[in-house]
Each structure stands twice: as C-alpha cells, then as structure tokens.
Amino acid sequence: MKTMRANVFRGVNEFGIEEVPRPRATPGSAVIRITLTTICGTDLHIVRGEYPVKPGLVIGHEPVGVIEEIGPGVTGYKVGDRVLVGAITPCGQCRACLSGNQAQCGHGEGYLAIGGWCFGNTINGAQAEYLLVPHAQANLAKIPDDLTDEQVVLLADIASTGFSGAESGGVKIGDTVVVFAQGPIGLCSTAGAKLMGASLVISVDGDDVRLAASRRMGADVVLDYRHCDPVAEVIKLTGGVDVAIEALGIQQTFENCLRCLRPGGTLSSLGVYSGKLQIPYQAIAAGLGDHRIVTTLCPGGKERMRRLMNMVRGKRFDPTPLLTHSFPLDQIREGYRVFGERLDRVLKVAIRP
Ligand SMILES: NC(=O)c1ccc[n+]([C@@H]2O[C@H](COP(=O)([O-])OP(=O)(O)OC[C@H]3O[C@@H](n4cnc5c(N)ncnc54)[C@H](O)[C@@H]3O)[C@@H](O)[C@H]2O)c1
Ligand SMILES: [Zn+2]
Ligand SMILES: [Zn+2]
0 MKTMRANVFR
10 GVNEFGIEEV
20 PRPRATPGSA
30 VIRITLTTIC
40 GTDLHIVRGE
50 YPVKPGLVIG
60 HEPVGVIEEI
70 GPGVTGYKVG
80 DRVLVGAITP
90 CGQCRACLSG
100 NQAQCGHGEG
110 YLAIGGWCFG
120 NTINGAQAEY
130 LLVPHAQANL
140 AKIPDDLTDE
150 QVVLLADIAS
160 TGFSGAESGG
170 VKIGDTVVVF
180 AQGPIGLCST
190 AGAKLMGASL
200 VISVDGDDVR
210 LAASRRMGAD
220 VVLDYRHCDP
230 VAEVIKLTGG
240 VDVAIEALGI
250 QQTFENCLRC
260 LRPGGTLSSL
270 GVYSGKLQIP
280 YQAIAAGLGD
290 HRIVTTLCPG
300 GKERMRRLMN
310 MVRGKRFDPT
320 PLLTHSFPLD
330 QIREGYRVFG
340 ERLDRVLKVA
350 IRP
C-alpha cells in the first residue's frame, strides 16, 4: 500500500508527522496532491483539546493542490488541474444544501449544525501530502493560471469566513461597522465590510501587529482596547453602528458588539464560543430593539471559491500580506508553535508538503 506523510492528531498536544495510507479516489470523490496549506486558529483549538476530534485524524482544512486521481462520476476535470477546495465541502444535494445552508450540509432529513465541515473534523484533512475530496463535483474550484497558490490558500477559510461576517450582517453602502478582534478572520471581515460599501469601518484589538495590519486591510479607525473603552469610542464616533462583527468567540466581545449597535442594528457573529453566552438586558433593549443576531459558518463549495478568486484577480482584495511565514510540512510542529504563540509578528503560516 502506498503511504504519505501527514500531520496526525493523537491527543492533547500530541500531534505530528506520521506515515499513513495514501487515499484513493472513490465514486464521486477525487484525490489531490497538496501543494500548499496553512494552520487555522481552529486547528489550535483541536491540538489543545478545546475542540474534540478523534485521535488518528489528519488535521487541516485549507487545501490547495493538483488533481491526482478522479473518482467515477466526477466530470469536467483532468489529472493535473490546479484546484482550490473550500474548508467546507457541501454535497449540493441534501436538504440543507438545497435550502441554501450549504455549510450545514449532510445530515439527511434532520438538521444538525456544522455538517459541512468535514476536513480535519470528521474525515482526514489537508496537512498532508494527499487529500481525499468528498463531493468533488461541487468542491473542486479550478485555479486560474494567473493566480499563485499563495494568492488563493487563504480563501478556503479565512477570507470566506471573514467576508461572510460582513455579508451575513447585511452591510450596505454607507453603513458604519465595527469589527471586534483582528486576527486573520477579523482582518478579512474588516476588508469585507469595506468591500460591501461601509462608509466607516472601526476595528478593535489589543495587539500592535494586528492593529497595524487592520489599517492595511482597510480600517478607518483602529481602537486598542488596552488603552480605551472601545464601546464608548464607537458610540461617540457613530451614535451606534449599523453592523457589529464578532470575530473572537468570547462573552466580552459578543457583549461589546451588542452594546455598540444602534436600535435595529445587526450583530454578525463569527467566533467559536466555548460556553454559555449571556445577553445583557439593557444592551438588547429588553428584547424590543429590533436587533438581529446572526451566526455564520464559513461558506464553501466551488462557486464560493470561484467568486473569491475573482476578487483577487480583479484586485479587489489581496490576501498575501496575511501569509507572513512558511514551513515545510515536516516542520509543522514549529509552524504550530510560531502561529499558536503568535511569535515573530505572525499572522498566517504557509505549510508546504
Ligand atoms: N465561523 C467560522 O466559520 C469560523 C471559521 C474559522 C475560525 N473561526 C473562529 O473565529 C475566531 C477568530 O479566529 P482567528 O484565527 O482570527 O483568531 P486569532 O486567535 O488569531 O485572533 C484573535 C484576535 O483577538 C484579539 N483579542 C483578544 N481579546 C480581545 C478583546 N477583548 N477584544 C478585541 N480583540 C481581542 C487578539 O489580540 C487576536 O488578534 C475564532 O473563534 C475561530 O475559532 C470561525
Ligand atoms: Zn478554519
Ligand atoms: Zn449537502
């Protein structure tokens, strides 16, 4: 049996490169040879034991590669095509997908959340030499020749999720927007809010590197929560924003988002929470403020990827400044260390098999 190198999760803080069986294409699926991938904040949750996955799983959900093998029933592709695959791989045919909730794909008649996220969650993921792509017909997005791997790898999850914060929030021309937290996701929300037509984008973080990056991604005002009360500043500047985007996943930022909203405003939440969330009585105007609270899981599928790649081609958005470091797959543990401890001004790390 042919084998490959892959980053395998074994237990809390126990993970690393192992020799594992190489996947073979099955009907409806394809195998790609990974040429570039990265590490997500969610992978940090996994290796730290904060998000449970089963031991033995290959981690990672941000694949760029070349088609190696095509399963029966998949048409319009050939071996050697360069492809980007979203972190979320909808089937395009189930109840959730056909209701427009592609990210919640895959649970038949009953809905259960997060079903569209398979890579590095329920099936082997992308931090490997090869990857089996399920529902290949719906998920292999051909990369135009004029785009490099580095220009597209952050579209699989980071940009797709970040932009969705602004899209789900319904940002309109002229809106005022605040984004709480400027990690890679929040930075892309900042860029997304600007793309959607916001007249003022305010961002909040407490890390100088990220605040500087936020300006480059399009924030008009950056607030350092270590030195000011961000809610008071936002209210002073806007009287209450139209849309507040949560990009961290803790009570404080969720609550701050709510407190920044104008009546009728929208809280668009992207963070992954680990515990009960509370809604303060005044911030929600006793439940009578016409507020909207929406949550979004990263949109996936090949059409989403095609659109995002066109944003890069059309020079509307450049994700490459976020890719600050690079490691070979064999040194992925060092990549996790640098990314996880936020060393050396890191934003995202490229991993090359
Ligand atoms: N919805 C989705 O589909 C989806 C997809 C990917 C990641 N996520 C989640 O999005 C969140 C953000 O991911 P990331 O990789 O950008 O995170 P990250 O950990 O890289 O960045 C978090 C940022 O928050 C800042 N921060 C800390 N405390 C703060 C506070 N009180 N106020 C404002 N900023 C503060 C930090 O300085 C840091 O810059 C995580 O919860 C992640 O799991 C969601
Ligand atoms: Zn992710
Ligand atoms: Zn589906």
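Sequential numbering of the sequence shown, starting at 0, is according to numbering that gives the first Met the number 0. Here a beta-carbon is modelled for each residue, glycine too, at the ideal position from N, C-alpha and C. Note that the structure is a prediction, hence the values are computed from the model and not measured.
Inset, instruction - Look at Thr160 and Ala86 and say whether their C-beta atoms are less than 9 Å apart. - result: Residue 160 sits at position 161 when you count from the first residue of the sequence shown. Residue 86 sits at position 87 when you count from the first residue of the sequence shown. It is a contact, given that the beta carbons lie within the stated cut-off.
Inset, instruction - May I ask you to report which of helix, strand or coil DSSP gives Glu340? - result: Against the sequence shown, residue 340 aligns to sequence position 341. DSSP places Glu340 in coil when its eight states are reduced to three.
Inset, instruction - Write down the C-beta distance between Ala180 and Thr252 rounded to the nearest angstrom, noting that I regard them as a contact closer than 8 Å. - result: As a position in the sequence shown, residue 180 is number 181, starting the count at 1. As a position in the sequence shown, residue 252 is number 253, starting the count at 1. The Cβ separation is near 6 Å, so the contact holds.
Inset, instruction - Answer yes or no: the CB of His134 versus the heavy atoms of ligand 2, is any distance below 8 Å? - result: In the sequence shown, the residue the question calls residue 134 occupies position 135. No, since every heavy atom of ligand 2 falls outside the 8 Å radius drawn around the Cβ of His134.
Legend entry - Asp207 Cβ short of 8 Å to ligand 2 heavy atom set: What you label residue 207 is simply residue 208 of the sequence shown in a count that begins at 1. Flag unset: Cβ of Asp207 not near ligand 2.
Inset, instruction - Using only the heavy atoms of ligand 1, determine whether one of them is closer than 8 Å to the beta carbon of Val203. - result: Residue mapping note: residue 203 aligns to position 204 of the sequence shown, counting from 1. Under cutoff, so the answer is yes.
Legend entry - Cβ-Cβ distance between Val242 and Gly169 below 9 Å: As a first step, residue 242 is located in the sequence shown; it is residue number 243 there, counting from the start. As a first step, residue 169 is located in the sequence shown; it is residue number 170 there, counting from the start. Contact: yes.
Inset, instruction - Assess, as a yes-or-no matter, whether the stretch 300-319 is touched by the stretch 130-138 under the definition of 3 or more beta carbon pairs within less than 8 Å. - result: yes
Legend entry - Exposed unless 16 or more other CB atoms sit within 10 angstroms - verdict on Arg209: Looking up residue 209 in the sequence shown gives position 210. Buried, because 16 or more other Cβ atoms sit within 10 Å of the Cβ of Arg209.
Legend entry - Whole-angstrom distance between Val152 and Leu307, CA atom to CA atom: To locate residue 307, count along the sequence shown from 1; it is residue 308. To locate residue 152, count along the sequence shown from 1; it is residue 153. Their Cα atoms are separated by approximately 11 Å.
Inset, instruction - Please classify Gly300: does DSSP put it in a helix, a strand, or coil? - result: Mapped onto the sequence shown, residue 300 falls at position 301. Note: Gly300 maps to coil in three-state DSSP.
Legend entry - beta-carbon Cys297 near ligand 1 non-hydrogen atom, thresh 8 Å: Within the sequence shown, numbered from 1, the residue matching residue 297 stands at position 298. Because some heavy atom of ligand 1 lies under 8 Å away, the Cβ of Cys297 counts as near it: yes.
Inset, instruction - Would you identify the three-state DSSP class for Thr323, choosing helix, strand or coil? - result: To locate residue 323, count along the sequence shown from 1; it is residue 324. Thr323: strand per DSSP, three-state reduction.
Inset, instruction - Could you tell me the boundaries of the alpha helix (DSSP H) in which Asp207 lies? - result: What you label residue 207 is simply residue 208 of the sequence shown in a count that begins at 1. Its alpha helix (DSSP H) spans residues 207-215.
Legend entry - Spatial neighbours of Glu254 in its chain, beta-carbon cut-off 7 Å, leaving aside the 5 residues before and after: Taking the first residue of the sequence shown as position 1, residue 254 is located at position 255. So the list reads Pro279, Ala282, once near-sequence residues are dropped.
Inset, instruction - Would you check if there are 3 or more beta carbon pairs closer than 8 Å linking the stretch 16-36 to the stretch 51-68? - result: yes
Inset, instruction - Return the CA-CA distance between Tyr335 and Val78, expressed in angstroms with no decimal places. - result: Along the sequence shown, one-based indexing puts residue 335 at 336. Along the sequence shown, one-based indexing puts residue 78 at 79. The straight-line gap from Cα to Cα measures roughly 32 Å.
Legend entry - Range of the contiguous alpha helix (DSSP H) that encloses Leu257: Within the sequence shown, residue 257 is the residue found at index 258, counting from 1. Here the alpha helix (DSSP H) through Leu257 covers 250-259.
Inset, instruction - Considering only heavy atoms of ligand 2, list every residue whose Cβ is less than 5 Å from one of them, following chain order. - result: Cys39, Thr41, Asp156
Inset, instruction - Return the bridge partner residues of Ala127 from the DSSP annotation. - result: Taking the sequence shown and counting its residues from 1, the one referred to as residue 127 is at position 128. The partner list for Ala127 (beta bridge, DSSP) reads Ala5.
Inset, instruction - Assign Pro262 to one of three DSSP states: helix, strand, or coil. - result: In the sequence shown, the residue the question calls residue 262 occupies position 263. Pro262: strand per DSSP, three-state reduction.
Inset, instruction - Note the first and the last residue of the continuous alpha helix (DSSP H) segment covering Ala190. - result: Numbered from 1 along the sequence shown, position 191 holds the residue referred to as residue 190. Note, Ala190: alpha helix (DSSP H), 183-194.
Legend entry - Check: Ala112 C-beta below 8 Å from any heavy atom of ligand 1: Walking along the sequence shown from the start, residue 112 turns up at place 113. Because no heavy atom of ligand 1 lies under 8 Å away, the Cβ of Ala112 does not count as near it: no.
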